[in-house]
Amino acid sequence: MVSFRSTAVVPTDRAARFGKQLSSHLGRRHGGTWSEEDQRGSVTFEVASATLEASPEALTLTVLTDDPDAVPRFENVVGRHLVRFGRDANFVVTWRRSDGSPGTEQRFDDSEDEHPARPAREGDPAQEEQR
1 MVSFRSTAVV PTDRAARFGK QLSSHLGRRH GGTWSEEDQR GSVTFEVASA
51 TLEASPEALT LTVLTDDPDA VPRFENVVGR HLVRFGRDAN FVVTWRRSDG
101 SPGTEQRFDD SEDEHPARPA REGDPAQEEQ R
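Quick note on this note's numbering: the sequence shown kicks off at 1 and runs consecutively.
Structure below.
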């Protein structure tokens, strides 16, 4: 039985695209699915799971766990990845917990990007075009 639930609704007209990308990326390490037909996906972590549901107006993210201490961690994992994938959309992911309390919030901040651009490799055509 899942005791703790936290949900975030992120407005976007590209919810299916981001839901698929998020479930695919997080699923590489943890196991994930995406159904084009249902516009839904899931990711299974060790002590939590996340569901993703696309609608024409928004992507709804839900984190489920039995461990109350895991809630903020997995809100952050799921929210942070979505924010990075949608950095051009300026997503703000605001979580609300099932007990009505506010959860965490993620937004893109260039100074917090953990994936800086890689140095150019000599002979890289993309780098040559920029010169």
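The beta-carbon is built from N, C-alpha and C at its ideal position, and this holds for glycine as well. Note that the structure is predicted; figures quoted are calculated from it, not measured.
Expected contact under 8 Å - CB spacing of residue i and residue j to nearest Å
{"i": "A50", "j": "Q39", "result": "No, A50 and Q39 are not in contact; Cβ-Cβ is about 15 Å, not under 8 Å."}
{"i": "S47", "j": "T65", "result": "Residue 47 is actually Val in this sequence, not Ser. Sure, about 6 Å apart at Cβ, within 8 Å."}
{"i": "A89", "j": "T12", "result": "6 Å"}
Same chain, Cβ closer than 6 Å to residue i, neighbours up to 5 away in sequence not counted
{"i": "T104", "result": "P72, E75, N76, W95"}
{"i": "S98", "result": "R5"}
{"i": "K20", "result": "W34"}
{"i": "A16", "result": "Q39, A54"}
{"i": "L26", "result": "G32, V43"}
{"i": "S111", "result": "Unreliable placement is indicated for S111, whose pLDDT of 43 sits below 50; no coordinate value is reported for it."}
For residue i, the residue or residues it bridges with in DSSP
{"i": "L59", "result": "V10, A54"}
{"i": "S35", "result": "R40"}
{"i": "A48", "result": "T65"}
{"i": "R5", "result": "L64"}
Same chain, Cβ closer than 7 Å to residue i, five either side skipped, listed in chain order
{"i": "R87", "result": "F108"}
{"i": "H115", "result": "Annotation note: pLDDT 47 at H115 (below 50); position unreliable, coordinate value reported separately. Result list for H115: empty, nothing under 7 Å."}
{"i": "A3", "result": "Checking the displayed sequence, the identity of residue 3 turns out to be Ser instead of Ala. Closer than 7 Å at Cβ, skipping near neighbours: D66."}
{"i": "F45", "result": "H30, F74"}
Extent of the continuous alpha helix (DSSP H) run through residue i
{"i": "G41", "result": "Note, G41: premise wrong, no alpha helix (DSSP H); beta strand (DSSP E) at 40-44."}
{"i": "R132", "result": "Residue coverage of the chain in this structure runs from 1 to 131, which leaves residue 132 outside it and unanswerable."}
{"i": "A70", "result": "Neither: A70 is in no alpha helix (DSSP H) and is coded neither H nor E."}
Residue i: CB within 7 Å of a non-hydrogen atom of the ligand SAM
{"i": "D38", "result": "The ligand SAM is absent from the structure shown, which contains no ligand whatsoever."}
Sequence-distant residues of its chain with Cβ nearer than 8 Å to residue i (five each side left out)
{"i": "L82", "result": "V10, F18, L22, L59, L61, F91, V93, Q106"}
{"i": "S42", "result": "S23, G32, T33, S49, A50, T51, L52"}
{"i": "G79", "result": "A8, L61, V93, W95, T104, E105, Q106"}
{"i": "D36", "result": "The amino acid occupying residue 36 in the given sequence is Glu; Asp does not appear at that position. Excluding positions up to five away in sequence, the list reads A16, K20."}
{"i": "P68", "result": "S3, F4"}
Unbroken beta strand (DSSP E) run spanning residue i, endpoints
{"i": "G103", "result": "102-107"}
{"i": "R97", "result": "92-97"}
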